[in-house]
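Enquirer: Counting along the sequence shown from 1, when you hit position 90 you're at 535 in my numbering, and nothing is skipped either side. Okay, here's the structure, questions in a sec.
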Amino acid sequence: MSTGKIVSILLFMIGILLIIGGGLYNPYAETMVLPPGGVKGIGFHMDAGETHVFEVNADHMVTVYVMDNQSFEKALVNGNFTDSLYVQTAAHLSFSFTAPKDGVYYIVIANFNSPGFVTATLTYGYGEFWALIITGAIVCGVAILILVYDIQNSKYTPPTLDSQCPYCGAKVSSSWNYCPVCRTPLRKEVKL
Ligand SMILES: [Zn+2]
C-alpha cells in the first residue's frame, strides 16, 4: 500500500475520533434511587460564566433545583428549598445552567411528588464541542483528498511511443531496452 493511502486512512480515523469526541464531550451520568421525600445533591465546581447542560430522566416526576453551596447546606438543615437558582418539576427535563460566579453548585433532585421510590439519572456535559467536531470533519476531508490524489497519481500511464525500432519500424518508447516486436536492442549499452 502506498504512503498516501496509509496517511489517508490514519487521518480519516483520527478525524472520526475527533468527531465522536466532540459529540460526547465530557459526558457524565449518575443514577440515584430516591425514597419518598428523598433528596440528593450532586455538586459541581463551576467558574463564573461557565455553562453546563444538564438532563434529568426519572421514572416519575421529580423536582430539580440548582443551588449554590450555602443554599444547599441551609436547605439540608431547615428543609427549605425555596432559595434556588433554578427549579422545575418533571420526569424528563433538560436545561443549561450558567454559573453567576465561581463556586460549587448543586444539582438537587428531590422526590417530593411520588409516594414510592423514584429512580432518576442525571446526565451532564458541556454539550457538543463544535471545535472538535469541525476539526474532525476537516481532517476527514483532507484524508479523502489525499486518497483521491493518491489514486489518481497511481493510475497506470502508458509510455509514450516516441521512437521507432530501427529494425522492424515498430513504434517504441525511447525508454525501452528492446523492441517488443522483434527483440532488437534499442540501446547501445544493452547486449544480447
Ligand atoms: Zn523491432
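C-beta: ideal position from N, C-alpha, C; glycine also. The structure presented is a predicted model; accordingly, all values stated were derived computationally and were not measured.
Can you name, in chain order, every residue of its own chain whose Cβ lies under 7 angstroms from the Cβ of Lys616, other than the five neighbours on each side?
Expert: As a first step, residue 616 is located in the sequence shown; it is residue number 171 there, counting from the start. Closer than 7 angstroms at Cβ, skipping near neighbours: Leu606 and Gln609.
Enquirer: Does DSSP classify Met506 as helix, strand or coil?
Expert: Here the question's residue 506 lines up with position 61 in the sequence shown. Strand.
Enquirer: Does the segment 570–585 come close enough to the segment 510–523 that 3 or more CB-CB pairs lie under 8 angstroms?
Expert: With a cut-off of 8 angstroms, the segment 570–585 and the segment 510–523 do not count as touching, because too few Cβ pairs lie within range.
Enquirer: For a quick check, are the C-beta atoms of Val507 and Gln533 less than 7 angstroms apart?
Expert: On the sequence shown, residue 507 is found 62 positions in, with the first residue counted as 1. On the sequence shown, residue 533 is found 88 positions in, with the first residue counted as 1. Result no, Cβ atoms of Val507 and Gln533 do not sit closer than 7 angstroms.
Enquirer: If we count the other Cβ atoms within 10 Å of its Cβ and call it buried at 16 or more, is Asn556 buried or exposed?
Expert: Counting from one through the sequence shown, the residue named residue 556 turns up at place 111. That one is buried.
Enquirer: Please state the DSSP three-state secondary structure of Glu495.
Expert: For this step, residue 495 is matched to residue 50 along the sequence shown. Coil, per DSSP.
Enquirer: Does ligand 1 have even one heavy atom less than 6 angstroms from the beta-carbon of Tyr612?
Expert: For the purposes of this step, residue 612 is taken as residue 167 along the sequence shown, with counting starting at 1. Answer for Tyr612: yes, Cβ within range of ligand 1.
Enquirer: Measure from the alpha carbon of Pro454 to the alpha carbon of each residue in Ile589, Trp621, Thr629 and Tyr612, then state which is nearest.
Expert: Taking the sequence shown and counting its residues from 1, one reaches residue 454 at position 9. Rather than Pro, the amino acid found at residue 454 in this sequence is Ile. Among Ile589, Trp621, Thr629 and Tyr612, the Cα nearest to that of Ile454 is on Ile589.
Enquirer: Starting from Met458 and walking both ways along the alpha helix (DSSP H), at which residues does that stretch end?
Expert: Position 13 of the sequence shown, counting from 1, holds the residue named residue 458. Start and end: Thr448 to Gly468.
Enquirer: Give the straight-line distance between the Cα atoms of Ile552 and Trp575, rounded to the nearest whole angstrom.
Expert: The residue labelled residue 552 in the question sits at position 107 within the sequence shown. The residue labelled residue 575 in the question sits at position 130 within the sequence shown. Cα to Cα, the separation comes out at about 25 angstroms.
Enquirer: Since Ser559 and His490 are thought to touch, with beta carbons under 8 angstroms apart, how far apart are those beta carbons, to the nearest angstrom?
Expert: Position 114 of the sequence shown, counted from the first residue, corresponds to residue 559. Position 45 of the sequence shown, counted from the first residue, corresponds to residue 490. The Cβ separation is near 31 angstroms, so there is no contact.
Enquirer: Classify Thr534 as helix, strand or coil using the three-state DSSP reduction.
Expert: Here residue 534 corresponds to residue number 89 of the sequence shown, with the count starting at 1. DSSP places Thr534 in strand when its eight states are reduced to three.
Enquirer: If you check the beta carbons only, do Gln461 and Ile578 fall under 7 angstroms apart?
Expert: Taking the first residue of the sequence shown as 1, we reach residue 461 at position 16. Taking the first residue of the sequence shown as 1, we reach residue 578 at position 133. It should be pointed out that residue 461 corresponds to Ile in this sequence rather than to Gln. No, they are not a contact pair.
Enquirer: Measure the Cβ-Cβ separation of Ala565 and Ala503 and say whether it is below 7 angstroms.
Expert: Taking the sequence shown and counting its residues from 1, the one referred to as residue 565 is at position 120. Taking the sequence shown and counting its residues from 1, the one referred to as residue 503 is at position 58. Yes, the pair counts as a contact, with Cβ atoms nearer than the cut-off.
Enquirer: Does ligand 1 have a heavy atom nearer than 6 angstroms to the CB of Cys627?
Expert: Within the sequence shown, the letter at position 182 stands for residue 627. Yes; taking the cut-off as 6 angstroms, the Cβ of Cys627 has a heavy atom of ligand 1 nearer than that.
Enquirer: Which of helix, strand or coil does DSSP assign to Asp513?
Expert: As a position in the sequence shown, residue 513 is number 68, starting the count at 1. Residue state, collapsed to three classes: strand.
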